[in-house]
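Q:
There are 2 protein chains.
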Amino acid sequence: MMGGDRGLNVTASGVALALSRHPDLSCTLVGDESQIRTAMKAVIDSDRVDIVHSSESVDMHESPASALRFKKDSSMRVALDLLGSGQVDACVSAGNTGALVAAARFVLKTLSKIDRPAIISTLPRTHGHVHMLDLGANIDSPAEILMQFALMGESMVRTLEGIDRPSVGLLNVGSEEIKGSEVIKRANELLKASGLNYVGYVEGDDIFNGSVELVVTDGFVGNVALKTSEGLAQMLTRVIREEFDRGFLTRIAALIAAPVLRSFKNRFDHRAYNGAVLLGLNGTVVKSHGNVDGLAFSHAIDTARLAAQKDLIGHIRHDLEASSISSDKVAPL
Amino acid sequence: MMGGDRGLNVTASGVALALSRHPDLSCTLVGDESQIRTAMKAVIDSDRVDIVHSSESVDMHESPASALRFKKDSSMRVALDLLGSGQVDACVSAGNTGALVAAARFVLKTLSKIDRPAIISTLPRTHGHVHMLDLGANIDSPAEILMQFALMGESMVRTLEGIDRPSVGLLNVGSEEIKGSEVIKRANELLKASGLNYVGYVEGDDIFNGSVELVVTDGFVGNVALKTSEGLAQMLTRVIREEFDRGFLTRIAALIAAPVLRSFKNRFDHRAYNGAVLLGLNGTVVKSHGNVDGLAFSHAIDTARLAAQKDLIGHIRHDLEASSISSDKVAPL
C-alpha cells in the first residue's frame with residue numbers, strides 16, 4: 061500500500077475501511093515509518109497491519125526510467141519487491157502510473173507468452189459494468205499484443221466475475237468488416253480464430269450499452285476513451301448542479317429531487333470503480349487513482365484482495381498455457 | 061441536400077425550418093424527384109427551393125469504393141457535382157460517411173498543401189462548445205497530416221466563431237512532454253513551430269473543461285472519443301429517467317424537477333451539435349447524422365450556410381498559402 065496525490069490520510073482511511081469489511085484481510089504498509097505511524101494511528105494497533113519502512117518515494121511527474129534507476133528504496137519498489145518475494149499476495153499503489161508499470165515489469169516480469177502488461181478497469185453501464193483494456197500501460201499495440209490483452213482480460217472477467225464465457229469486443233470506428241486500420245483488421249482475424257466468445261468490432265458508444273463484457277483496445281485509445289468519459293461525467297454533474305442552483309424554485313426542486321439524484325449519483329459513484337489491475341505480470345498489482353478519498357482507495361484494496369483470493373494470476377497462467385498464442389511474433393518493448 | 065436513415069420527411073422538415081430561419085437561404089434538393097415532391101409538399105412551393113433529379117442512392121453500408129465507381133447518378137454524387145461546378149455554395153448530406161468523404165474528395169479535390177480531408181464538429185462544454193477534428197475521415201494520420209488538420213481547424217474556428225487566436229491542443233495520454241507515440245511527439249514539435257496559439261498536449265477530460273477551443277487528433281481516436289461521449293450521455297439520460305420513474309414519490313419529484321431537467325437537456329441537446337464539416341476540400345460539405353430529426357438536420361443546414369456566407373474555404377485557402385507547411389512529406393492516400 062502506498063499513498064498518492066492526497067497522501068497518507070487517504071491510504072489510512074482506505075485501509076481501515078477495507079480491514080473492517082474483510083476479516084480475512086491483512087495489510088502491509090510501505091513508506092516512511094514515522095509518517096505512517098502518525099497518519100495511521102487508527103489502524104496500526106491492529107494485528108492485521110504491518111509497516112515496512114522505505115526511505116524514498118516516486119514523484120508523480122518523475123520519468124519511469126529515472127524512478128526505476130534511482131529510486132530503489134521507494135515505497136513503490138519496496139512493495140513490489142515484497143510481492144515478488146511472496147511476502148504479500150497483492151500490491152496496491154496510488155502512485156505514478158508509468159513508474160509503477162515499469163517497476164512492476166522489472167520486478168515481477170511478464171507472464172509466459174505475454175510481451176507487455178496492460179491496465180484493465182471497469183466502467184459503469186446502465187446495469188452492472190463493463191471491463192476495458194488497455195487503459196494506458198502502452199502507447200500502441202500490434203495485433204498480437206491486442207490478442208494477448210483479450211486473452212488476459214477474458215480470463216480476468218471469467219475468474220473475478222464468475223461469468224462463464226464473457227463476450228469480447230474489439231474497439232473500432234465502425235462495425236463493418238471493411239473498417240479500421242491494418243492492425244485492427246489483423247487483430248480481428250486473430251480474435252475470430254481464438255476460441256473466445258468474440259462478437260466482433262464495437263464502437264465507442266457500445267462501451268456503455270451492454271453489447272459486450274470486455275472491450276479490447278490499445279492503450280492510447282483506451283486512455284482517451286476513459287478520460288473523455290470522466291471529463292464528460294464531471295461536466296454533466298457540474299451543469300446539473302448549476303441548473304438546480306439557478307434560483308429559489310430550482311433550489312426547492314433540488315431538495316425534492318435530492319433522493320433521486322443521490323440514488324443516480326450512487327449508481328455511478330466513480331469511487332466504486334477505483335482500482336485498475338495491471339494485467340500480465342507474475343503478481344497482482346492494483347493501481348488506485350491518485351486523487352481519491354479513502355472509500356475509493358478501499359475499493360482498490362477490495363480488488364487486490366479478490367484477485368489474490370480467486371488466484372487470478374494462476375487462472376491467467378493456466379489459460380495462456382492452454383492457448384495457442386505465442387509471444388514470439390513481436391520483440392519485447 | 062440528401063436524406064439519411066430516416067428519409068425524406070426529416071430532410072423536408074429540416075429544410076423548412078432552415079428556410080424560415082434564414083430569408084437569404086435557398087435550397088436545391090437532390091434525389092428522386094417524385095419522392096421529393098410527395099414528401100416535401102410543404103416546402104416545394106417556395107421559390108427558394110429547387111429539385112434536381114437523381115436516379116440512384118448510396119446505401120448506408122455500401123463501400124466507398126463501390127459507391128464512387130458505380131453510383132455516378134446517386135443523390136450524393138449529383139449534389140457534389142453541383143457544388144463542384146459552382147451551382148450551389150455548399151452541400152449537406154446525411155448519407156454514408158465513408159462514401160461521402162470518398163466522393164467529395166474525388167469531385168472537389170483537396171486544397172493545395174492538404175493531403176486528406178478531416179471531419180470537424182463541435183462538442184458541448186459547461187459554457188459554449190469546443191471543436192474537434194478528425195472525427196473519422198481517416199484511420200491514422202502522420203504528424204504532418206495532424207499539422208494540416210490543426211491549421212484548417214484553427215482557420216475554421218477563427219472564421220466561423222470570430223475568435224481571434226483560438227487555442228489549439230493535441231490529444232494525448234498525458235500532458236508531460238515525454239508521453240505519447242512518436243507521431244504525437246513529432247506533431248507536437250510541428251505545432252510548437254507553427255505560429256498557432258498552441259497550448260500543448262491535452263487529455264480526454266480536457267475536451268470538456270474549457271482548456272482549448274480546438275482539439276486535434278487522428279480520425280480513429282477522435283471517432284472513439286466522440287462515440288464514447290455520445291454513448292455515455294445516452295446511458296446517463298436513460299438512467300436518470302429510470303431513477304425518476306421508480307415509484308410514486310420519484311414521479312412527483314420528476315414533475316417538480318421537470319423545468320430544471322428540461323433546461324439541462326436543452327443545454328446539451330445533441331441536435332444543436334449536428335452538422336460536421338468535411339474540411340480540406342475545394343468546397344463546403346456538411347455531414348448530418350443519419351439518425352436525426354428535422355431540427356437537427358436544420359442545424360446542419362445552418363452550418364453549411366454560415367460557412368458559405370463567411371467564405372470559409374477562401375479563408376482556409378488564404379491561411380494555408382500564408383503557412384509554411386507543405387504536403388510533400390507524405391504521399392497522398
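Line by line, the protein sequences are chains A and B.
Mapped onto the numbering used here, the consecutive letters of the first sequence carry residue numbers 61 to 393.
Mapped onto the numbering used here, the consecutive letters of the second sequence carry residue numbers 61 to 393.
Even for Gly, the Cβ is constructed at its ideal location relative to N, Cα and C.
By the 8 Å beta-carbon criterion, what residues does the region 284 to 304 of chain A contribute toward chain B?
A: Answer in chain order: Val284, Ala285, Leu286, Lys287, Thr288, Ser289, Glu290, Gly291, Leu292, Ala293, Gln294, Met295, Leu296, Arg298, Val299, Ile300, Glu302, Glu303, Phe304.
Q: Throw me the rounded Cβ distance for the glutamate 204(B) and leucine 256(B) pair, which I believe falls under 8 Å.
A: Not confirmed; about 15 Å, so no contact.
Q: Can you find a C-beta in chain B that's less than 8 Å from the C-beta of serine 73(A)?
A: Closer than 8 Å: no.
Q: Name the residue from His375(B), Ser384(B), Gly196(B) whose alpha carbon lies nearest to the alpha carbon of glycine 343(B).
A: Among His375(B), Ser384(B), Gly196(B), the Cα nearest to that of glycine 343(B) is on His375(B).
Q: Looking only at its own chain, which residues have a Cβ that is under 6 Å from the Cβ of valine 352(A), when we skip the five neighbours before and after it?
A: So the list reads Asn334, once near-sequence residues are dropped.
Q: Answer with yes or no whether the minimum CB distance from phenylalanine 308(B) to chain A is below 8 Å.
A: Chain A contact via Cβ: absent.
Q: Could you check how far apart the C-beta atoms of glutamate 290(A) and aspartate 265(B) are, in whole angstroms? I think they sit under 8 Å.
A: About 5 Å separates the two Cβ atoms, so the contact holds.
Q: Please go through the same chain and pick out, in chain order, the residues whose beta-carbon is closer than 6 Å to the beta-carbon of phenylalanine 328(A), but skip the five residues on each side of it.
A: Result list for phenylalanine 328(A): Pro184, in chain order.
Q: Can you look up leucine 309(A) in the DSSP assignment and give me helix, strand or coil?
A: The answer is helix: DSSP assigns leucine 309(A) an H, G or I state.
Q: Please list, in chain order, the residues of the region 260 to 284 of chain B that have any C-beta partner in chain A closer than 8 Å.
A: Against chain A - using a Cβ distance shorter than 8 Å - the residues of the region 260 to 284 of chain B are Glu263, Gly264, Asp265, Asp266, Ile267, Phe268, Asn269, Thr277, Gly279, Phe280, Val281, Asn283, Val284.
Q: Terminal residues of the continuous beta strand (DSSP E) containing isoleucine 179(A)?
A: Per DSSP, isoleucine 179(A) belongs to the beta strand (DSSP E) from 178 to 184.
Q: Would you say glycine 354(A) faces chain B, with C-beta separation under 8 Å as the test?
A: No, its Cβ sits nowhere closer than 8 Å to a Cβ of chain B.
Q: For the beta strand (DSSP E) that contains valine 276(A), what are its first and last residues?
A: Per DSSP, valine 276(A) belongs to the beta strand (DSSP E) from 274 to 276.
Q: Pull up the distance between the alpha-carbon of leucine 85(B) and that of histidine 121(B), whole angstroms please.
A: So the two alpha carbons sit approximately 32 Å from each other.
Q: Rounded to a whole number of angstroms, what is the C-alpha to C-alpha distance between leucine 274(A) and valine 275(B)?
A: Each residue's Cα considered, the two are about 28 Å apart.
Q: Could you tell me which residues DSSP pairs with aspartate 200(A) in its beta bridges?
A: Note: aspartate 200(A) sits in no beta bridge, so no partner.
Q: Going by DSSP, what residue range makes up the alpha helix (DSSP H) through methionine 295(B)?
A: Unbroken alpha helix (DSSP H) run through methionine 295(B): 279 to 304.
Q: Using CA coordinates, which residue listed in Ser94(B), Val138(B), Ala102(B) is at the minimum distance from serine 117(B)?
A: It is Val138(B) whose Cα lies nearest to the Cα of serine 117(B).
Q: With DSSP as the reference, identify every bridge partner of leucine 251(A), one or two as the case may be.
A: Answer by DSSP bridge pairing: none, since leucine 251(A) is not bridged.
Q: Kindly indicate if chain B contains any beta-carbon less than 8 Å away from that of isoleucine 179(A).
A: No, isoleucine 179(A) does not count as interfacial toward chain B.
Q: Measure the alpha-carbon distance for serine 135(A) versus isoleucine 96(A) and round it to whole angstroms.
A: In a straight line, the C-alpha of serine 135(A) is about 12 Å away from that of isoleucine 96(A).
Q: For chain A, is any of its Cβ atoms less than 8 Å away from the one on alanine 391(B)?
A: Any reading at alanine 391(B) needs caution, since the residue's pLDDT is 48, under 50, leaving its predicted position unreliable; the model's value is listed next. Chain A, which has no Cβ nearer than 8 Å to the Cβ of alanine 391(B), makes this no.
Q: At what residues does the alpha helix (DSSP H) containing aspartate 362(B) begin and finish?
A: Per DSSP, aspartate 362(B) belongs to the alpha helix (DSSP H) from 354 to 369.
Q: Find out if the Cβ-Cβ distance for the pair alanine 210(A), serine 254(A) is shorter than 8 Å.
A: Cβ distance < 8 Å, so alanine 210(A) and serine 254(A) count as in contact.
Q: Under the assumption that serine 358(A) contacts glycine 67(A) (Cβ atoms under 8 Å), give the Cβ distance between them as a whole number of angstroms.
A: Actually they do not touch by this definition, with Cβ atoms about 16 Å apart.
Q: Grab the span of the alpha helix (DSSP H) containing glycine 374(A) for me, first residue to last.
A: Counting along the chain, the alpha helix (DSSP H) containing glycine 374(A) begins and ends at 372 to 382.
Q: Can you pull the DSSP bridge partners for lysine 347(A)?
A: DSSP lists Ser153(A), Ala336(A) as partners of lysine 347(A).
Q: Verify the CB distance criterion: does serine 358(B) have a CB-CB separation below 8 Å to chain A?
A: Closer than 8 Å: no.
Q: Answer yes or no: does any C-beta atom of chain B fall closer than 8 Å to that of glycine 67(A)?
A: So no, glycine 67(A) is outside the interface.
Q: For alanine 76(B), tell me which candidate among Ala99(B), Ser94(B), Val103(B) has the shortest Cα-Cα distance.
A: Nearest of Ala99(B), Ser94(B), Val103(B) to alanine 76(B), Cα basis: Val103(B).
Q: Pull out every residue of the region 196 to 209 of chain A whose Cβ sits closer than 9 Å to any Cβ of chain B, in chain order.
A: Listed in sequence order: Gly196, Ile199, Asp200.
Q: Beta carbon of leucine 338(A), beta carbon of leucine 195(A): below 8 Å?
A: The answer is no: Cβ separation not under 8 Å.
Q: Per the DSSP calculation, threonine 88(B) is bridged to which residue(s)?
A: Beta-bridge pairing links threonine 88(B) to Asp110(B).
Q: Have a look at the DSSP bridge pairing and note the partners of methionine 216(B).
A: Looking at the DSSP assignment, methionine 216(B) forms no beta bridge with any residue, so it has no partner.
Q: Could you tell me which chain B residues have their CB closer than 8 Å to the CB of valine 186(A), listed as they occur along the chain?
A: Note that residue 186(A) corresponds to threonine in the displayed sequence, not to valine. Within chain B, the residues near threonine 186(A) are Met295, Arg298, Val299, Glu302.
Q: For my contact list, glutamate 263(A) and glycine 222(A) are in at a C-beta cut-off of 8 Å; report their separation, rounded to the angstrom.
A: Not confirmed; about 28 Å, so no contact.
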